[in-house]
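A.B. asks: For reference, the structure I am asking about is given below.
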Amino acid sequence: MKRLLCVALVVAAAFVSTGCKKKKNYFFSPGAGTGPGAPVFTQISADGGRVAWYKGPAAHELIAFDAVTDDVFKNTSIFTMQPDGSALQNVTLTNIDVPAGFVGQPEWHPDGDHIIFQAENANASHTVYTHVSFGINNDLWIINKDGSGAEKIWETPLHHGALHPHFNDNGTILIWSERIATGVQLFPLWLTPGGENPWAGWQIHIADYDGNASGTAKLTNHRTIFGAGLPEDRGGFETHGFVDGDTIIFSRTLDGQAYVDDVFTSKLDGSGLTNLTNSPATWDEHGLYSPSGATLAFNSSRFDASWVAPSSNASTLKLELYLQKGADIIKLTDFNGAAPAGVRYLTSDFEWDRTGSRLVLQAAPVDSSGALPVEIWVVSFPSPQ
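When we follow the working numbering, the leftmost residue of the sequence shown carries the number 1115, and every step to the right adds one.
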């Protein structure tokens, strides 16, 4: 139970944001060895959350993100902004159809006009596990980027979950991580939804998407992968997107262990499962290929030799962003090395721009008092990756 509470604290660090800081510009070393040069890091928001950079054919490059809008209850809403942090636009905050509470985890539809997102439903207890960073008792919604026309397109049953929805390149297929309630109570009911292990019961859900339909009818031809067998056989899955029309990328941890193990790809039917990071003693998650396919970016704890899974817990976790090109793995960020004494950083959600010359990154600092304001940074490379 102690370990589960520690994990709750680190997940909380990814979403709690209060206060306001001045925008800063830093230069970080990409790490030892041959790297992409000297990328420039620019902080564009001191109060942000999960990010999505539009890179489709429409004539804009807006970044959608969620942010805390209520310092008491930590409710979140979705906004858009330009890549330099300007032109902040509310998307969900004033739409009366969108439920109040945890609203976020945005992702763009390829048409550039719509944003899919998670929102906690009436079954949610408004705790860390029902936050959009965990997804239990979350429904899926879609909304116009101007904040109009919100529709719920997937309704999640009690203690099930929906996490990290992503469209394919033409917007006709949607994937997300889905949790199925295991019915196995391991903890007090006040600690986790249903007293179940929140890291167990996950699988990947796939559905066809029709933007011309209404509500839940937008999703048809539902199927799942990696969910066969008994409920306890389902481990943890976190979908990150499509590599190509038939290949998806995701993080996976077996046996309901309370950490994120490695980054994988597979075909939409679950075949061709490939471990991209293959480092079982470290926390590795959120892998995304650059648009060229030449560079894999992912978050990892591998720079910290003192953190060893599964014996280490999330109360001491530090994460940095890495780039992998062929056999070369480069530590891109050094937030933890540059942080003040007593502060540790967890790099988290990120996304490439359409050229692979930049990426937008969520970085969550934590100190002895808990989570500090979540930062959003843009990393600019000298050339496309």
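We put the CB at the ideal spot given by N, CA and C, even for glycine. Keep in mind that this is a model prediction, so the values were computed, not measured.
What does Asn-1413 pair with, by DSSP beta-bridge criteria?
C.D. replies: For Asn-1413, which the question treats as bridged, DSSP gives the partners Glu-1399 and Leu-1435.
A.B. asks: Keeping to the same chain, check which residues put their C-beta closer than 6 Å to that of Ser-1404; ignore five residues upstream and five downstream.
C.D. replies: Excluding residues within five positions, the ones whose Cβ falls inside 6 Å are Trp-1466, Gly-1470 and Gln-1499.
A.B. asks: So what does Asn-1389 bridge to, in DSSP terms?
C.D. replies: Its beta-bridge partners are Phe-1378.
A.B. asks: Assuming Pro-1220 and Ala-1166 make a contact with CB atoms under 8 Å, what is their CB distance in whole Å?
C.D. replies: 5 Å between Cβ atoms; contact.
A.B. asks: Quick test of your reading: Val-1205 and Gly-1261, contact by CB under 8 Å. State the CB separation rounded to the nearest angstrom.
C.D. replies: Their Cβ separation, rounded to whole angstroms, is 5 Å, which keeps Val-1205 and Gly-1261 in contact under 8 Å.
A.B. asks: Sorted by chain position, which residues of the same chain lie with C-beta nearer than 7 Å to Ser-1415's C-beta, five sequence neighbours on each side aside?
C.D. replies: Counting only Cβ-Cβ distances below 7 Å, and skipping sequence neighbours, we find Thr-1396, Trp-1397, Trp-1421, Leu-1431, Lys-1432 and Leu-1433.
A.B. asks: Straight-line CA distance for Pro-1307 to Ser-1497?
C.D. replies: If I take the Cα positions, the gap works out to 46 Å.
A.B. asks: Does the segment 1320–1335 come close enough to the segment 1280–1288 that 3 or more CB-CB pairs lie under 8 Å?
C.D. replies: A contact exists between the segment 1280–1288 and the segment 1320–1335.
A.B. asks: Ala-1408 lies in the beta strand (DSSP E); which residues open and close that run?
C.D. replies: Element bounds for Ala-1408: n/a, residue is neither H nor E.
A.B. asks: For the alpha helix (DSSP H) containing Gly-1451, name the first residue and the last one.
C.D. replies: Counting along the chain, the alpha helix (DSSP H) containing Gly-1451 begins and ends at 1449–1452.
A.B. asks: Does the separation of the CB atoms of Trp-1491 and Phe-1155 fall below 8 Å?
C.D. replies: In this structure, Phe-1155 lies closer than 8 Å to Trp-1491 by Cβ.
A.B. asks: Using DSSP with H/G/I as helix, E/B as strand and the rest coil, what is Gly-1218?
C.D. replies: Of the three classes helix, strand and coil, the one that applies to Gly-1218 here is strand, per DSSP.
A.B. asks: At the level of alpha carbons, what is the spacing between Thr-1241 and Lys-1188?
C.D. replies: Spanning the two alpha carbons is a distance of roughly 10 Å.
A.B. asks: Between the C-alpha atoms of Val-1186 and Ala-1214, what's the straight-line distance to the nearest angstrom?
C.D. replies: Computed Cα separation, rounded: 13 Å.
A.B. asks: Indicate the three-state DSSP secondary structure (helix, strand or coil) for Ser-1497 in the structure shown.
C.D. replies: If DSSP states are grouped into helix, strand and coil, Ser-1497 belongs with coil.
A.B. asks: Near Thr-1328, what residues of its chain come up, given a Cβ to Cβ distance below 8 Å and the 5 sequence neighbours on each side ignored?
C.D. replies: The sequence given here places Ser at residue 1328; Thr does not occur at that position. Answer for Ser-1328: Glu-1265, listed in chain order.
A.B. asks: Select from Arg-1472, Pro-1454, Gly-1249 and Phe-1464 the residue whose C-alpha is nearest the C-alpha of Val-1480.
C.D. replies: The residue with the shortest Cα to Cα distance from Val-1480 is Pro-1454.
A.B. asks: Based on the DSSP output, what are the partners of Gly-1350 in its beta bridges?
C.D. replies: Bridge partners of Gly-1350: Thr-1367.
A.B. asks: Can you have a look at Glu-1269 and say buried or exposed, based on whether 16 or more other CB atoms are within 10 angstroms of its CB?
C.D. replies: It is exposed - the Cβ of Glu-1269 has fewer than 16 other Cβ atoms within 10 Å.
A.B. asks: Please report the residue range of the beta strand (DSSP E) in which Val-1480 lies.
C.D. replies: From DSSP, the beta strand (DSSP E) with Val-1480 extends over 1472–1481.
A.B. asks: In the structure shown, what three-state DSSP assignment does Lys-1332 receive?
C.D. replies: Note: Lys-1332 maps to helix in three-state DSSP.
A.B. asks: Using only the alpha-carbon positions, how far apart do Pro-1413 and Ala-1428 sit?
C.D. replies: Looking at the sequence itself, residue 1413 is Asn, so the reference to Pro does not match. Cα-Cα distance, rounded: 14 Å.
A.B. asks: Check Pro-1279 in the structure and name its three-state DSSP category.
C.D. replies: Of the three classes helix, strand and coil, the one that applies to Pro-1279 here is strand, per DSSP.
A.B. asks: Take every Cβ of the segment 1330–1337, pair it with every Cβ of the segment 1273–1281, and state whether three or more of those distances are shorter than 8 Å.
C.D. replies: Contact between the segment 1330–1337 and the segment 1273–1281 is absent, because fewer than three Cβ pairs lie under 8 Å.
A.B. asks: What does DSSP give as the partner residue(s) for Ser-1291 in the beta ladder?
C.D. replies: DSSP lists Leu-1277 and Ile-1318 as partners of Ser-1291.
A.B. asks: Over the uninterrupted beta strand (DSSP E) stretch that includes Glu-1465, give me the two end residues.
C.D. replies: Residues 1458–1466.
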